[in-house]
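Contents: one structure, followed by commentary.
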Amino acid sequence: MILDDIVGVKKKELEIRKESKPLRDIVDELSRIDEFKIRNFKGALINDNISIIGEIKRASPSKGIIDRKFQFEGICSTYETLDIDAVSVLTEQHYFKGKDEYLKKAKEFISKPLLRKDFIVDEYQVYESKLLGADAVLLIVRILKENLGKFYKIASSIGLQCIVEVHNKSELDIALKIEPEIIGINNRNLENFTVDLKNTENLIKYIPEHTAVVSESGIKTSVDFKYIKSLPINGVLIGEGLMKKVYDIESIKKFIDSVKNG
């Protein structure tokens with residue numbers, strides 16, 4: 000199972016991180032951070048049009064290397080100028096070729112709210128995310144299960160918002176127990192990485208109207224966008240679709256316009 004492998008690697012990485020920088024040191028640094036630097040991630044999703052979360056992603060287990068150039072500062076500059084509402088930054092190292100430093104640098108170049116996209120398995124990562132500059136974190140129900148509420152409370156207590164990610168009805172039932180402000184419906188099955196856009200339609204009917212909903216993964220073509228926009232969602236998360244056009248500014252602007260207005 001791909002997700003089990005990712006989680007296993009992540010836990011081993013965390014053992015090393017905790018030895019080099021204990022949680023108490025992170026908490027001490029956080030006590031000196033200006034709370035007003037946190038940007039409103041949910042606020043960026045609530046507007047009259049569909050919101051776009053653009054993703055900075057170098058690779059994935061299903062596609063391999065997506066961007067061999069990966070000119071990070073250039074990508075950040077492009078995302079800052081685009082008509083997108085928030086940015087997701089992959090920091091997972093082994094499978095997605097991300098780095099924590101990408102999130103720190105993105106905070107310098109991008110004024111929009113930032114999501115730390117990683118596989119959170121330990122409360123250490125929640126505190127760490129804020130220290131790295133995240134405004135929001137991804138909490139995957141498939142990983143956290145009944146511990147979801149604990150992690151959600153920790154994130155909220157330090158000013159971070161959360162996208163609570165689900166893939167099926169049983170995961171959604173767990174998510175709804177904590178009444179999250181934002182739910183992400185992943186169209187990609189994290190066990191085998193297959194994609195089905197119908198997943199958003201199948202699950203959204205169970206989600207309360209006051210909850211912001213983001214459709215994630217597999218949204219690439221004009222047909223995909225037309226279908227997804229027909230659903231009562233607030234936003235879409237687009238990774239590969241933007242990354243493959245990121246060095247052609249005119250092409251990527253047309254792409255964004257087709258999503259927003261097509």
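Residue numbers (numbering that gives the first Met the number 0): 0 to 261. The beta carbon of each residue, even a glycine, is placed where N, CA and C say it ideally should be.
Which same chain residues end up closer than 6 angstroms to residue i when comparing Cβ atoms and leaving out the 5 residues on each side of it in sequence?
i: residue 41; result: 160, 180, 181, 211
i: residue 75; result: 105, 108, 109
i: residue 37; result: 134, 158
Quick one: what's got a C-beta closer than 8 angstroms to residue i's C-beta in the same chain, skipping five residues either side?
i: residue 13; result: 120, 121, 123, 124
i: residue 90; result: 97, 98, 99, 101, 102, 115, 116, 117, 131
i: residue 126; result: 22, 25, 26, 29, 153, 157
i: residue 223; result: 196, 217
i: residue 251; result: 77, 81, 241, 244, 245
i: residue 206; result: 171, 175, 182, 212
i: residue 142; result: 2, 6, 118, 119, 120
Kindly indicate which three-state DSSP category residue i falls into: helix, strand or coil?
i: residue 87; result: strand
i: residue 260; result: helix
i: residue 212; result: strand
i: residue 68; result: coil
i: residue 124; result: helix
i: residue 148; result: helix
i: residue 198; result: helix
i: residue 272; result: Outside the shown range of the chain (0 to 261) lies residue 272, about which nothing can therefore be said.
i: residue 187; result: strand
i: residue 28; result: helix
i: residue 265; result: Residue 265 lies beyond the range of the chain shown here (0 to 261); nothing can be said about it.
i: residue 230; result: coil
i: residue 133; result: coil
i: residue 19; result: helix
i: residue 50; result: strand
i: residue 240; result: helix
i: residue 251; result: helix
Contact check, residue i vs residue j under 8 angstroms by CB: the rounded distance?
i: residue 259; j: residue 82; result: 6 angstroms
i: residue 185; j: residue 164; result: 5 angstroms
i: residue 15; j: residue 189; result: Contact flag wrong, Cβ pair sits at about 24 angstroms.
i: residue 50; j: residue 84; result: 4 angstroms
i: residue 137; j: residue 150; result: Incorrect: roughly 11 angstroms between the Cβ atoms, too far for contact.
Can you determine whether any heavy atom of the ligand FMN sits closer than 6 angstroms to the C-beta of residue i, and answer yes or no?
i: residue 171; result: Looking for the ligand FMN in the displayed structure turns up nothing, as the structure carries no ligands at all.
Ignore the nearest five residues each way along the sequence and tell me which others in residue i's own chain have a CB closer than 7 angstroms to its CB.
i: residue 39; result: 112
i: residue 172; result: none
i: residue 48; result: 259
i: residue 17; result: 123
i: residue 229; result: none
Restricting to Cα atoms, I'd like to know which of the options is closest to residue i.
i: residue 109; options: 95, 77, 127, 173; result: 77
i: residue 134; options: 141, 158, 24; result: 158
i: residue 72; options: 255, 261, 246, 194; result: 246
i: residue 79; options: 67, 148, 107, 94; result: 107
i: residue 148; options: 167, 239, 178, 168; result: 178
i: residue 93; options: 63, 86, 105, 84; result: 63
i: residue 227; options: 15, 257, 249; result: 257
i: residue 187; options: 166, 58, 170, 206; result: 166
i: residue 194; options: 36, 44, 61; result: 61
i: residue 86; options: 20, 44, 174; result: 44
i: residue 220; options: 239, 136, 176, 141; result: 239
i: residue 168; options: 46, 145, 203; result: 203
i: residue 145; options: 214, 162, 176; result: 176
i: residue 69; options: 95, 237, 46; result: 95
i: residue 215; options: 237, 249, 253; result: 237
Determine, using beta carbons only, whether residue i comes closer than 7 angstroms to chain D.
i: residue 158; result: Note that chain D does not occur in the displayed structure, where there is just one protein chain.
Contact between the stretch 198-212 and the stretch 231-240: three or more CB pairs below 8 angstroms?
Yes: at least three Cβ pairs fall under 8 angstroms.
At least 3 beta-carbon pairs within less than 8 angstroms: the stretch 193-200 vs the stretch 0-14:
No, they do not touch.
Validate contact between the stretch 152-159 and the stretch 47-57 using beta carbons, cut 8 angstroms, 3 pairs
Under the 8 angstroms Cβ criterion, the stretch 152-159 does not count as touching the stretch 47-57, having fewer than three qualifying pairs.
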